[in-house]
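S.K.:
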Amino acid sequence: MNMDYLLISCFVIGLVAGFMSGMFGIGGGSIRTPLLILSGIPPLSAFAINLVVIPFSSLVGALTHRVNVDVRTGVYVVVGGCLGSFVGALLVGLVPRIVLAFLFLASSVITVFGMYLYKIAPKVYGKINPTPRSIMFGAFILNLITGMRGGSGGSLFPPFLRMMKLDIRKAIATSLFSTVFTATVAIFVYWYRGNILWIPAILTMLGSMLGARIGGKVSLKAKPKWLQTLLTILILTLAVVSVFKIMKIM
87 MNMDYLLISC
97 FVIGLVAGFM
107 SGMFGIGGGS
117 IRTPLLILSG
127 IPPLSAFAIN
137 LVVIPFSSLV
147 GALTHRVNVD
157 VRTGVYVVVG
167 GCLGSFVGAL
177 LVGLVPRIVL
187 AFLFLASSVI
197 TVFGMYLYKI
207 APKVYGKINP
217 TPRSIMFGAF
227 ILNLITGMRG
237 GSGGSLFPPF
247 LRMMKLDIRK
257 AIATSLFSTV
267 FTATVAIFVY
277 WYRGNILWIP
287 AILTMLGSML
297 GARIGGKVSL
307 KAKPKWLQTL
317 LTILILTLAV
327 VSVFKIMKIM
């Protein structure tokens, strides 16, 4: 493969995924990782590059959304999420991919359902009492599942935090804040294994930081209703695509 083509592709992939990250408060890995693999990078290295990028692109997004960050909730997410990311990274490759795909689909549907629980079942939603323990446990489970497929949990944090009664803007901002830390923990596992390709990672990171800045600016001007609707469509689409992609490989 032409090295120049690969490096340019990495920057463009970072730009697109970074925009989505800043716009919707996701880590961007659900978009970035498949595209990196399609560009010719081995799966484990694509997972590693994605995790190297996430703390930087999420930091840019978090700074853009800083007035909406719920630090108290974010700390609980970080504690549970970091543990889930670490365990998930250790388990990469040990769990069958088809099982991971369906786990991700199920967790995506459940978290999106939770985001609209206040409309679907307002009485049930009213009984939800977010506690440090429930937030940490939820973050652990989400990061464990996404960590086993090379992610940081960022794609599922906004709907999960919405279910924990944060408004959509605070959910996006707090998700970006949290993924800075949850992704960093997993990086050390991949670094120890020697999976990181540093030059492609740096170019992907630069593209992602630029994209996250632009996406964050757009997000601040968008209506909360549209943000929530587009986030729902994005998460469910990525989950379904993941399942079909795995089934096609099999």
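Residue numbers for the sequence shown follow this note's numbering, beginning at 87 and rising by one.
Ideal Cβ positions, reconstructed from N, Cα and C, are used throughout, including at glycine.
Quantities reported herein were computed from a predicted structural model and do not represent experimental measurements.
(1) What whole-angstrom Cβ distance do residue 159 and residue 250 have, given they're in contact under 8 angstroms?
(2) Smallest Cα separation from residue 215: which of 227, 191 and 247?
(3) Would you be able to state if there are at least three C-beta pairs under 8 angstroms between the segment 171 to 183 and the segment 289 to 305?
(4) Indicate the three-state DSSP secondary structure (helix, strand or coil) for residue 293 in the structure shown.
(5) Might you give, ordered along the chain, the residues of its own chain that have their beta carbon closer than 7 angstroms to the beta carbon of residue 336, omitting 5 neighbours on each side?
(6) Confirm the yes/no value for this check: CB of residue 265, any heavy atom of the ligand FAD, distance under 7 angstroms.
(7) Anyone know if the C-beta pair for residue 138 and residue 108 falls short of 8 angstroms?
(8) Identify, in the order they occur along the chain, each residue of the same chain with its Cβ nearer than 6 angstroms to the Cβ of residue 300, setting aside the five sequence neighbours on each side.
(9) Mapping the DSSP letters down to three states, classify residue 214 as helix, strand or coil.
(10) Please go through the same chain and pick out, in chain order, the residues whose beta-carbon is closer than 7 angstroms to the beta-carbon of residue 92, but skip the five residues on each side of it.
(11) Considering only their Cβ atoms, is the gap separating residue 171 from residue 242 smaller than 8 angstroms?
(12) Are there 16 or more other CB atoms within 10 angstroms of the CB of residue 225, so buried, or fewer, so exposed?
(13) Among 233, 313, 199 and 264, which has the Cα closest to the Cα of residue 134?
(14) Put residue 88 into one of helix, strand or coil per three-state DSSP.
(15) Skipping 5 residues on each side, what residues in its chain have a beta carbon closer than 7 angstroms to that of residue 271?
(16) Since residue 323 and residue 156 should fall inside the 8 angstroms C-beta cutoff, what is the C-beta to C-beta distance between them, to a whole number of angstroms?
(17) Could you give the residue range of the alpha helix (DSSP H) that holds residue 241?
(18) Rounded to a whole number of angstroms, what is the C-alpha to C-alpha distance between residue 236 and residue 312?
(19) Going along the chain, which residues of its own chain have a beta-carbon closer than 6 angstroms to the beta-carbon of residue 132, five neighbours each way excluded?
(20) Determine the burial state of residue 210: buried for a count of at least 16 other Cβ atoms within 10 Å of its Cβ, exposed for fewer.
M.R.: Judging by the given coordinates:
(1) Taking the first residue of the sequence shown as position 1, residue 159 is located at position 73. Taking the first residue of the sequence shown as position 1, residue 250 is located at position 164. Confirmed, about 7 angstroms.
(2) Locating residue 215 in the sequence shown gives position 129, counting from the first residue. Ranking the options by Cα distance to residue 215, first place goes to 247.
(3) Output reads no: the segment 171 to 183 does not touch the segment 289 to 305.
(4) Numbered from 1 along the sequence shown, position 207 holds the residue referred to as residue 293. Reduced to three states, the DSSP call for residue 293 is helix.
(5) The residue labelled residue 336 in the question sits at position 250 within the sequence shown. Residue confidence for residue 336 is low, a pLDDT of 49 falling below 50, so the modelled location carries little weight; the figure read from the coordinates is stated next. Within the same chain, residue 336 has close Cβ partners 184.
(6) Questions concerning the ligand FAD fall outside what the structure shown contains, since it holds no ligand whatsoever.
(7) What you label residue 138 is simply residue 52 of the sequence shown in a count that begins at 1. What you label residue 108 is simply residue 22 of the sequence shown in a count that begins at 1. Contact flag unset, no.
(8) To locate residue 300, count along the sequence shown from 1; it is residue 214. Result list for residue 300: 105, in chain order.
(9) Taking the first residue of the sequence shown as 1, we reach residue 214 at position 128. In this structure, residue 214 counts as coil in the three-state DSSP scheme.
(10) Within the sequence shown, the letter at position 6 stands for residue 92. Counting only Cβ-Cβ distances below 7 angstroms, and skipping sequence neighbours, we find 125, 126 and 286.
(11) Within the sequence shown, the letter at position 156 stands for residue 242. Within the sequence shown, the letter at position 85 stands for residue 171. Against a cut-off of 8 angstroms, the Cβ pair of residue 171 and residue 242 comes out as no contact.
(12) If you number the sequence shown from 1, residue 225 lands on position 139. It counts as buried.
(13) In the sequence shown, counting from the first residue as 1, residue 134 sits at position 48. Closest by alpha carbon: 233.
(14) Your numbering for residue 88 matches position 2 in the sequence shown. Residue 88 falls in the coil class under three-state DSSP.
(15) Translated into the one-based positions of the sequence shown, residue 271 becomes position 185. Answer for residue 271: 168, 171 and 172, listed in chain order.
(16) On the sequence shown, position 237 is the one that residue 323 refers to. On the sequence shown, position 70 is the one that residue 156 refers to. Contact doesn't hold; Cβ gap of about 27 angstroms is too wide.
(17) On the sequence shown, position 155 is the one that residue 241 refers to. First-last for residue 241: undefined, no H or E at that position.
(18) Sequence index remark: in the sequence shown, residue 236 carries index 150 (1-based). Sequence index remark: in the sequence shown, residue 312 carries index 226 (1-based). Computed Cα separation, rounded: 29 angstroms.
(19) Position 46 of the sequence shown, counted from the first residue, corresponds to residue 132. These residues qualify, in order along the chain: 119, 122 and 123.
(20) For the purposes of this step, residue 210 is taken as the residue at position 124 of the sequence shown. With fewer than 16 Cβ atoms within 10 Å of its Cβ, residue 210 is classed as exposed.
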